[in-house]
Each structure stands twice: as structure tokens, then as C-alpha cells.
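A quick write-up on the structure given underneath.
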Amino acid sequence: MCLVRIEQDVAVKLEQEIHTLYLASKNTTHDDQFEIKRNALAKTLVKSHKDWQILFNQHRYSRLSFWLEIFRKAYDLEKLQLNLPSSMIYDEKSVQQLIEHVLNRLKKIFKSSGFLEQLTAHHEKQNKVFHRLKEHYIKLTQMHVDPDHEYFYLMIYPDCVDHVDILTLMKAFSSLEKNLKQQRVVTSGMVAYFYHIEHDRKRQRYGIHLYFILNRHLRLPRLNYLDVICGLWQDQTLGMGVIQPDQAEFSYPCFESFDPTEVEGYQLCKDPLDYLEYLCANYYLTDSFSNRLSVFPDKPDLGLKLIS
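Written out as C-alpha cells, the structure reads:
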């Protein structure tokens, strides 16, 4: 299994399973339900141990989602306590023993008095990020009254999605950002841009929501910005990048024909403030309706950047 599939399939399923196990641990009146879920999860983890161990090994320097991070910390601790090597474990007996210890550790963590506070603090920290971005955007609109916006959805061509993992995608977008500020078309009338890097869990692909925030008195027609974005995204992804357009733009060279309703939130949000409100309501879900990343390399998954 390639790394992209591990990031998008294995990581998401493991995240959901750990969250489900936590919910079962809260039901103190039916402890047997926890054991049933725990035993089922143990079997699943044994079967898929190579995949999730690859996830932790390949992303040992990356931040993971809350539930995956809890699992990884328990996994690393139990490996130390069992005197197992820091590399991947292949011996079936050692794997089974390790998983039993990890699940026992998780039960203790979930039932500890401070865990709920830890979970609450995690949510509050993310809410502060949303709040700061909203405040920053509102200040921008006070300086540039009634700005214009152009929206783009950047993704990877469907036949190439398995070749671009999250780290590669973020590096490509970071390079696009650096080059973006050197384009005269952009610097002439663009004030800032807002982005959100997502994992579309329904369609198993990465995508980037990108809003240009423009001075309406200095802006150029949309096609000028499209030309810049298409060229930069194609260059930074070695020709694998595409942009999903408005219906009237299907003939543009680097577009992939699509149904606009396929993009979660597509044209639902007229500006970054709208989009942040939409994101707040869906960010913490652990089912297919959440497009939150499970793996976070160094770059933040969303941000508001000034051009000047």
C-alpha cells in the first residue's frame, strides 16, 4: 500500500476507531461494551499493523490528529517498556503483545481524570486559531472596504493522486506561495490570500481551497489570476496539478471537468469569513463529513497571508 493510501485510508480509519474506543470507555455502566470494542480493535490492529506502523515511521516528525497522536504516544511508550526496537516490528508474537499493552494503556489514559481537560484544551486551541483568522480578516476588510474575492480549488489530477503524499503537496503549495508574491499580476491588486489544505474523505484526495482577497479598484479580470495560478500549480506539481473551475471555464488548459457540487463547500462560502464559519462547524467531526487532515507536516493546514 502506498503512503498516500495509508494517510487517507489507514490513518482515518484508525482515528475513527480510537475515538470510538474512547466513547465506549465513557460508558461506565456497560464495561463489557468497551471490552468488545477493544477486542475487535485488537484484531484489526494486528491485521493492519504494517500499514499503521509505516504511517508512524514515515511521519515520525509530523504532527498527527489528536486521536492518532494519543495512540502514537502509547505505542512509543510501550515499545520502550517492552524493550522493542524503535524501528517497525514484524514478529507476529511481538506485535500482538505490543497491541495488547497499547490498548491497556489507552484505557488508563481515557479513564484518567485529566483526559477530558486535555481534549477540551485541544479544541480550545484550534478555536483560537479560527478566532485569530477571523479577526485578521475583519481588520483587512476595514482597511480595504468591500474587497473582491476570487476562489480556486487546487488538487491533483485523479490518475496521479497516489504519487503525491501530504508532505509533497504542502511543499508544492509552499513553493507556489513564494512564487505568487513575485507575480506582477498578483502584486498589483491583491491584498492577501486565504487557504485551507484538506483531505476530501468522500473522494479520497487532497485539495486546497484558495481565496484571493482583492482591492476592487485595482483588480484585474479573473482570467488573469487563473493564468497565474494554473501555471504555478502545474510547475510546482510537475504537471500533476489541476484546478476545478467555474462552469464557464471548462475550456481553460489545466482544468479537469467536474461537477461543482462534488467539492465540499464549493461556492457555498463567498469569502474567507464565511468559509471559517463553515469550517468551525465541521472541523472536529470524525466521519466522512470532516475534511480535516490526519497528518500535519510543519506547514499549518490553513492560513491568511498578506501579499505585501
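First residue of the sequence shown? That's 34 in this note's numbering, and the numbers climb one at a time after it.
Using N, Cα and C, we set each Cβ at its ideal position, and we do this for glycine too.
All values derive from a computational prediction rather than experimental measurement.
- Here C35 is exposed: its Cβ has fewer than 16 other Cβ atoms, across all protein chains shown, within 10 Å.
- By the Cβ neighbour-count rule, Q114 is exposed, with fewer than 16 other Cβ atoms within 10 Å of its own.
- Within 10 angstroms of the beta-carbon of I122 lie 16 or more other beta-carbons, which makes it buried.
- Around the Cβ of D192, a 10 Å sphere holds fewer than 16 other Cβ atoms; the residue is exposed.
- Bounds of the beta strand (DSSP E) holding Y184 are D181 to I189.
- Going by C-alpha positions, R249 is about 12 Å away from R255.
- Per DSSP, Y316 lies in no alpha helix (DSSP H) and is assigned neither H nor E.
- The residue from Y190, I340 and L97 with its alpha-carbon nearest to that of E210 is I340.
- Within 10 angstroms of the beta-carbon of V178 lie fewer than 16 other beta-carbons, which makes it exposed.
- M273: not part of any beta strand (DSSP E); DSSP gives it neither H nor E.
- As DSSP reads the structure, K338 sits in a beta bridge with Y226.
- Looking at the backbone, the Cα of K332 and that of L213 are separated by about 17 Å.
- Note on geometry: alpha-carbon atoms of A75 and T53 lie some 13 Å from one another.
- Restricting attention to F329, K338, L335 and G336, the CA atom closest to the CA of Q41 is found in F329.
- The alpha helix (DSSP H) runs of length 4 or more contained entirely in the stretch 65-91 are, from start to end of the chain, 82-91.
- Take the alpha-carbon of V128 and the one of G240: they are about 35 Å apart.
- Per DSSP, I246 is one residue of the beta strand (DSSP E) stretching across R238 to L247.
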